[in-house]
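Chains as they are written, first to last, in the working numbering: chain A, 35 to 146; chain B, 35 to 147.
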């Protein structure tokens with residue numbers, strides 16, 4: 035069965051610093067990979083997705099993620115974090131015939 | 035375009051009561067699903083549907099029923115609420131293709147006392 039691991043439960047970064055959120059997946063075939071963001075009291079919003087092709091994908095709000103098949107990873111990055119990026123971030127994976135499976139999330143705090 | 039609409043936003047139930055969480059989408063999405071979100075557990079799939087008349091169980095289906103009589107609506111029924119069902123429930127939909135992103139509603143916060 036496919037699974038997603040987000041090793042960091044909570045990360046705190048300073049405003050303006052760079053950010054990397056880790057995501058590892060377990061799946062045999064080529065996965066479809068997603069990053070979602072959830073602000074407090076809201077539903078989830080898609081940040082970016084990877085299906086095939088270029089392994090570096092760009093998303094909304096200045097985020098990007100890199101698919102590394104050899105490491106089974108799909109880490110999310112942002113060069114300079116803004117206070118409004120404080121939220122919970124979820125990595126998710128699906129295949130051609132299974133519903134989306136989510137990681138347990140990483141909560142991002144941003145300090146001045 | 036409303037997207038995915040969930041009602042109610044908040045609900046308090048007593049143990050043993052039943053209720054239905056409503057979900058409607060206006061994007062003509064074939065696929066609809068229900069997740070529950072609990073602290074430290076991420077989102078776990080309860081039930082999903084790939085089209086009208088077709089439903090299937092997810093990871094945590096016990097205590098919940100669903101039906102899909104129309105493309106637009108996918109209600110989630112709690113037959114006899116238990117405190118373990120206290121959670122935030124999210125409905126999500128997408129096109130049939132598995133590489134299409136999910137669109138989420140804003141959630142229903144349910145407390146069972």
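From the three backbone atoms N, C-alpha and C, an ideal C-beta is built for every residue, glycine too.
Comparing C-alpha distances from residue 75 of chain A to each of B/122, B/115, B/131 shows the shortest one belongs to B/122. It is roughly 14 Å from the alpha-carbon of residue 50 of chain A to the alpha-carbon of residue 97 of chain A. DSSP places residue 72 of chain B in the uninterrupted beta strand (DSSP E) bounded by 65-72.
In this structure, residue 55 of chain A sits away from residue 47 of chain A, with a CB-CB distance that is not shorter than 8 Å. Assignment of beta-bridge partners to residue 85 of chain B by DSSP yields B/88. Non-local C-beta neighbours of residue 91 of chain A in its own chain, meaning closer than 6 Å and more than five positions away in sequence, comprise 82, 84, 99, ordered along the chain.
Using a Cβ distance threshold of 8 Å, residue 68 of chain A and residue 126 of chain A count as a contacting pair.
At a beta-carbon threshold of 8 Å, the residues of chain A lying near residue 135 of chain B are 68, 80, 83, ordered along the chain. Boundaries for residue 61 of chain A: no beta strand (DSSP E) harbours it, and the DSSP string shows neither H nor E there. Under the 8 Å Cβ criterion, the segment 93-103 of chain B does not count as touching the segment 106-113 of chain A, having fewer than three qualifying pairs. Membership of residue 110 of chain B in the beta strand (DSSP E) is indicated by the continuous run 110-112. Along the segment 123-147 of chain B, going in chain order, the ones with a CB nearer than 7 Å to a CB of chain A are 124, 132, 133, 135, 136, 138, 139, 140, 141.
Counting along the chain, residue 116 of chain A sits inside no beta strand (DSSP E), nor does DSSP assign it H or E at all.
Under the criterion of beta carbons closer than 8 Å, residue 138 of chain B and residue 57 of chain B do not qualify as touching, at roughly 10 Å.
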